[in-house]
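**Q** Which chain is which? The protein sequence lines are H and P, in order. Numbering follows my numbering, in which position 50 of the first sequence is assigned residue number 313; successive positions increment by one, without gaps. Numbering follows my numbering, in which position 18 of the second sequence is assigned residue number 281; successive positions increment by one, without gaps. From the three backbone atoms N, C-alpha and C, an ideal C-beta is built for every residue, glycine too. Submitted below is the structure of interest, expressed as structure tokens.
There are 2 protein chains.
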Amino acid sequence: MDKKAPKKHDESLDPEFLASVCKALGHPARVSIMQFLRNTDHCICGEIVELLPLAQSTVSQHLKCLKDAGLIKGEIEGPRTCYCVNKDILNKFLQMAGAL
Amino acid sequence: MDKKAPKKHDESLDPEFLASVCKALGHPARVSIMQFLRNTDHCICGEIVELLPLAQSTVSQHLKCLKDAGLIKGEIEGPRTCYCVNKDILNKFLQMAGAL
DNA sequence: CTGGTTTATCGTAATTAAACGATAAGAGAA
DNA sequence: TTCTCTTATCGTTTAATTACGATAAACCAG
Chain H
264 MDKKAPKKHD
274 ESLDPEFLAS
284 VCKALGHPAR
294 VSIMQFLRNT
304 DHCICGEIVE
314 LLPLAQSTVS
324 QHLKCLKDAG
334 LIKGEIEGPR
344 TCYCVNKDIL
354 NKFLQMAGAL
Chain P
264 MDKKAPKKHD
274 ESLDPEFLAS
284 VCKALGHPAR
294 VSIMQFLRNT
304 DHCICGEIVE
314 LLPLAQSTVS
324 QHLKCLKDAG
334 LIKGEIEGPR
344 TCYCVNKDIL
354 NKFLQMAGAL
């Protein structure tokens with residue numbers, strides 16, 4: 264009945280979105296990564312591997328998980344990759360969580 | 264070295280706590296339950312089963328998950344159980360999440 | 001081009017989560 | 001007591017997560 268958005272189903276209450284972000288934050292290593300990225304402000308990459316007591320491949324997997332959820336962005340800089348927090352998604356998450 | 268709290272390790276930054284709460288919220292059904300409990304204000308029980316397209320045993324499992332994480336409290340009232348949000352834990356979660 | 005550095009992906013094994021039906025346990029009503 | 005209603009738990013199957021080592025891919029330095 265509206266002009267646009269034929270089946271926009273009010274994402275601001277969408278349990279799928281909130282659940283997917285929470286799921287990504289549902290592991291201590293990934294929470295630590297988010298806290299670290301927040302504190303450094305700068306984008307960092309390989310330092311995260313040193314930070315955690317996990318194999319490099321495992322850390323890379325966790326980073327992918329956070330990226331898939333939209334919580335972080337990765338930028339390739341030469342031979343390495345720099346990650347930083349995606350504040351848009353993070354804020355949206357905080358807003359939805361706050362509505363609980 | 265302090266009088267109390269021999270090994271209090273600053274829970275306000277503890278990734279374990281935040282991760283465990285997020286993990287509990289990492290499923291659409293459980294997010295829906297939290298939203299529903301928030302909106303009703305009243306404690307509810309069997310209505311949650313009708314709300315979701317899931318078997319009663321599955322819903323009960325999700326409720327247990329939320330309860331184990333501390334997000335909800337359950338009270339036995341006669342033959343039925345009433346659940347309500349545990350605001351202490353929820354607020355603690357929101358505070359920690361906000362620090363991200 | 002060759003070698004070193006950095007990160008992502010593949011393959012795999014072990015653990016955990018999700019869903020269901022069936023069953024048990026508890027409280028009231030008849 | 002017996003029957004019904006409500007909810008939790010058990011047992012099971014299927015799917016997803018977590019972790020690792022090994023390997024591939026991309027980039028620079030020499």
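1. Could you say which of GLU340(H), LEU353(H), THR303(H), ILE339(H) lies nearest to ALA332(H) if we only look at CA atoms?
2. Per DSSP, what kind of secondary structure is GLY309(P) in: helix, strand or coil?
3. Under 7 Å Cβ to Cβ from VAL312(H), same chain only, skipping five residues before and after it: list those, please.
4. With DSSP as the reference, identify every bridge partner of GLU338(P), one or two as the case may be.
5. What does LYS286(P) touch in chain H if you count any residue whose Cβ is under 9 Å from its own?
6. Thinking C-alpha only, which one of ILE296(P), LEU357(P), LEU334(P), GLY337(P) is nearest PRO278(H)?
7. Which same chain residues end up closer than 6 Å to THR344(P) when comparing Cβ atoms and leaving out the 5 residues on each side of it in sequence?
8. For VAL294(P), which residues in the same chain have their Cβ closer than 7 Å to its Cβ, ignoring the five residues on either side in sequence?
9. Under 9 Å, Cβ to Cβ, is there at least one residue of chain H near GLN298(P)?
**A** So, to answer that:
1. Taking each of GLU340(H), LEU353(H), THR303(H), ILE339(H) in turn and checking the Cα distance to ALA332(H), the smallest one comes out for LEU353(H).
2. helix
3. Excluding five sequence positions before and after VAL312(H), the CB atoms of its chain that fall closer than 7 Å to its own CB belong to GLN319, VAL322, given in chain order.
4. CYS345(P)
5. Those are CYS285, LYS286, LEU288, GLY289, HIS290, listed as they occur along chain H.
6. ILE296(P)
7. Counting only Cβ-Cβ distances below 6 Å, and skipping sequence neighbours, we find CYS308, GLY337.
8. LEU288
9. yes
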